[in-house]
Amino acid sequence: MYTADASFQLIYFAKGSGVIRISGMTGGKALDARVQSGQLLVVPKFFSAAKVADGDGLEYFSVVTSLEPSFVQLAGKCHWKAMAPSVLQVSFNVIRGSWNFSKTRLPRVKLLFLLRIELRNRT
99 MYTADASFQL IYFAKGSGVI RISGMTGGKA LDARVQSGQL LVVPKFFSAA
149 KVADGDGLEY FSVVTSLEPS FVQLAGKCHW KAMAPSVLQV SFNVIRGSWN
199 FSKTRLPRVK LLFLLRIELR NRT
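Counted from 1, the sequence shown has number 156 at position 58 by the working numbering; the numbering is strictly sequential.
Put into C-alpha coordinates, the structure is as follows:
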(Lines of atoms letter the chains of each structure in order from A and count residues from 1; the text may use other names and numbers.)
(Lines give C-alpha, C1' and ligand atoms only; values in the text may rest on other atoms or scores of the structure.)
Protein backbone atom coordinates (compact mmCIF):
# COMPACT_ATOMS: atom_id res chain seq x y z
CA MET A 1 0.00 0.00 0.00
CA TYR A 2 1.21 3.48 -0.70
CA THR A 3 -0.10 7.01 -0.35
CA ALA A 4 -1.41 8.45 -3.60
CA ASP A 5 -1.40 12.04 -2.42
CA ALA A 6 1.36 14.42 -1.37
CA SER A 7 1.70 13.02 2.16
CA PHE A 8 4.67 11.38 3.80
CA GLN A 9 4.36 8.25 5.89
CA LEU A 10 6.07 7.95 9.28
CA ILE A 11 6.56 4.39 10.56
CA TYR A 12 7.56 3.71 14.16
CA PHE A 13 8.72 0.18 14.93
CA ALA A 14 7.48 -0.60 18.44
CA LYS A 15 8.52 -4.22 18.97
CA GLY A 16 10.47 -6.95 17.21
CA SER A 17 12.63 -6.75 14.12
CA GLY A 18 12.52 -7.39 10.40
CA VAL A 19 13.26 -5.94 6.98
CA ILE A 20 11.67 -3.00 5.19
CA ARG A 21 11.81 -2.59 1.44
CA ILE A 22 10.88 0.74 -0.13
CA SER A 23 10.36 1.18 -3.87
CA GLY A 24 10.48 4.50 -5.67
CA MET A 25 8.04 5.92 -8.18
CA THR A 26 9.83 4.24 -11.08
CA GLY A 27 9.81 0.83 -9.37
CA GLY A 28 13.49 0.87 -8.46
CA LYS A 29 14.70 -0.13 -5.01
CA ALA A 30 15.10 2.93 -2.79
CA LEU A 31 15.82 1.12 0.50
CA ASP A 32 16.32 -2.45 1.66
CA ALA A 33 17.24 -2.35 5.35
CA ARG A 34 16.89 -4.18 8.66
CA VAL A 35 14.69 -2.49 11.26
CA GLN A 36 14.21 -3.06 14.98
CA SER A 37 12.17 -1.68 17.85
CA GLY A 38 12.67 1.99 18.63
CA GLN A 39 13.43 3.06 15.07
CA LEU A 40 11.48 5.71 13.15
CA LEU A 41 11.38 5.74 9.36
CA VAL A 42 10.04 8.30 6.88
CA VAL A 43 8.61 6.98 3.59
CA PRO A 44 8.59 9.73 0.93
CA LYS A 45 5.39 10.63 -0.88
CA PHE A 46 4.35 8.25 -3.67
CA PHE A 47 6.80 5.54 -2.51
CA SER A 48 5.60 2.08 -1.46
CA ALA A 49 6.88 0.17 1.57
CA ALA A 50 6.77 -3.55 2.36
CA LYS A 51 7.64 -4.96 5.78
CA VAL A 52 8.83 -8.53 6.46
CA ALA A 53 8.94 -9.75 10.06
CA ASP A 54 11.66 -11.87 11.63
CA GLY A 55 10.74 -14.96 13.63
CA ASP A 56 9.86 -12.95 16.75
CA GLY A 57 7.37 -10.75 14.87
CA LEU A 58 7.24 -7.04 14.10
CA GLU A 59 4.88 -4.49 15.61
CA TYR A 60 4.68 -0.99 14.20
CA PHE A 61 2.31 1.88 13.65
CA SER A 62 2.14 4.34 10.84
CA VAL A 63 1.17 8.01 10.66
CA VAL A 64 0.59 9.99 7.47
CA THR A 65 1.00 13.75 7.14
CA SER A 66 -2.42 14.43 5.65
CA LEU A 67 -5.86 15.01 7.15
CA GLU A 68 -7.45 13.15 4.23
CA PRO A 69 -4.93 10.53 3.09
CA SER A 70 -5.50 8.66 -0.14
CA PHE A 71 -4.24 5.06 0.08
CA VAL A 72 -3.91 2.86 -2.99
CA GLN A 73 -3.73 -0.92 -2.80
CA LEU A 74 -0.90 -2.72 -4.52
CA ALA A 75 -3.29 -5.65 -5.03
CA GLY A 76 -7.00 -5.34 -5.68
CA LYS A 77 -10.14 -7.37 -5.02
CA CYS A 78 -9.51 -9.58 -8.03
CA HIS A 79 -6.27 -10.81 -6.43
CA TRP A 80 -8.16 -12.12 -3.38
CA LYS A 81 -10.58 -14.00 -5.59
CA ALA A 82 -7.78 -15.47 -7.68
CA MET A 83 -6.05 -17.08 -4.69
CA ALA A 84 -6.57 -20.73 -3.91
CA PRO A 85 -8.73 -21.38 -0.80
CA SER A 86 -5.84 -23.29 0.82
CA VAL A 87 -3.57 -20.22 0.49
CA LEU A 88 -6.20 -18.00 2.12
CA GLN A 89 -6.68 -20.50 4.96
CA VAL A 90 -2.96 -20.50 5.73
CA SER A 91 -2.70 -16.71 5.35
CA PHE A 92 -5.51 -16.05 7.82
CA ASN A 93 -4.54 -18.99 10.07
CA VAL A 94 -8.02 -20.51 9.81
CA ILE A 95 -8.73 -24.21 10.37
CA ARG A 96 -10.03 -25.98 7.28
CA GLY A 97 -13.81 -26.14 7.31
CA SER A 98 -14.31 -23.41 9.93
CA TRP A 99 -14.78 -20.71 7.30
CA ASN A 100 -16.07 -21.06 3.76
CA PHE A 101 -13.50 -19.65 1.35
CA SER A 102 -15.61 -20.04 -1.77
CA LYS A 103 -14.68 -17.41 -4.34
CA THR A 104 -18.17 -15.93 -4.34
CA ARG A 105 -18.25 -15.44 -0.57
CA LEU A 106 -14.89 -13.78 0.05
CA PRO A 107 -15.10 -10.81 2.39
CA ARG A 108 -14.61 -7.37 0.96
CA VAL A 109 -11.41 -6.42 2.69
CA LYS A 110 -9.70 -3.06 2.52
CA LEU A 111 -6.03 -3.38 3.26
CA LEU A 112 -5.83 -0.35 5.52
CA PHE A 113 -4.40 -1.10 8.94
CA LEU A 114 -4.69 1.91 11.17
CA LEU A 115 -2.64 2.03 14.33
CA ARG A 116 -1.01 -1.28 15.10
CA ILE A 117 -0.01 -4.23 12.97
CA GLU A 118 1.67 -7.40 14.14
CA LEU A 119 3.37 -9.52 11.52
CA ARG A 120 4.61 -13.03 12.20
CA ASN A 121 7.04 -14.85 9.96
CA ARG A 122 5.60 -18.31 9.28
CA THR A 123 8.26 -20.78 8.26
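Think of the CB as a built atom: it goes at the ideal place given N, C-alpha and C, for glycine as much as any other residue.
Bear in mind the structure is a predicted one, so any value in this text is a computation, not a measurement.
Beta-carbon proximity check, Val-133 vs Phe-159, cutoff 8 Å: Your numbering for residue 133 matches position 35 in the sequence shown. Your numbering for residue 159 matches position 61 in the sequence shown. Result no, Cβ atoms of Val-133 and Phe-159 do not sit closer than 8 Å.
Using CA atoms only, rank isn't needed, just tell me which of Gln-107, Gly-116, Phe-106 and Leu-108 is closest to Gly-155. Counting from one through the sequence shown, the residue named residue 155 turns up at place 57. Comparing Cα positions, the closest option is Gly-116.
In three-state DSSP terms, what is Ser-115? For this step, residue 115 is matched to residue 17 along the sequence shown. In this structure, Ser-115 counts as strand in the three-state DSSP scheme.
Between Phe-106 and the rest of its own chain, which residues show a CB-CB distance below 8 Å, the 5 nearest in sequence each way excluded? The residue labelled residue 106 in the question sits at position 8 within the sequence shown. Once the five neighbours on either side are set aside, the close Cβ partners of Phe-106 are Val-140, Val-141, Pro-142, Lys-143, Val-162 and Thr-163.
Counting along the chain, where does the beta strand (DSSP E) carrying Leu-138 start and finish? Start at 1 with the first residue of the sequence shown, and residue 138 comes out as number 40. Run containing Leu-138: 138-141, per the beta strand (DSSP E) assignment.
Three-state secondary structure (DSSP) at Ser-184? Your numbering for residue 184 matches position 86 in the sequence shown. Ser-184: helix per DSSP, three-state reduction.
Assigned secondary structure, Leu-165 (DSSP; H/G/I helix, E/B strand, else coil): For the purposes of this step, residue 165 is taken as residue 67 along the sequence shown, with counting starting at 1. Three-state DSSP puts Leu-165 in coil, outside helix and strand.
Would you call the CB atoms of Ala-151 and Gly-114 closer than 8 Å? Counted from its first residue, the sequence shown places residue 151 at position 53. Counted from its first residue, the sequence shown places residue 114 at position 16. The answer is yes: Cβ separation under 8 Å.
Which of the three DSSP states is assigned to Gly-155 in this structure? The residue given as residue 155 occupies position 57 in the sequence shown. Three-state DSSP puts Gly-155 in a strand.
Can you give the beta carbon distance from Ile-120 to Leu-108, rounded, assuming they're within the 8 Å contact cut? As a working mapping, residue 120 is identified with position 22 in the sequence shown. As a working mapping, residue 108 is identified with position 10 in the sequence shown. Between Leu-108 and Ile-120 the Cβ distance is about 13 Å, and since that is not below 8 Å, they are no contact.
Cutoff 8 Å; reference Lys-127; Cβ partners in own chain excluding five residues on either side: Counting from 1 along the sequence shown, the entry for residue 127 is found at position 29. Same-chain partners within the cutoff: Arg-119, Ile-120 and Ser-121.
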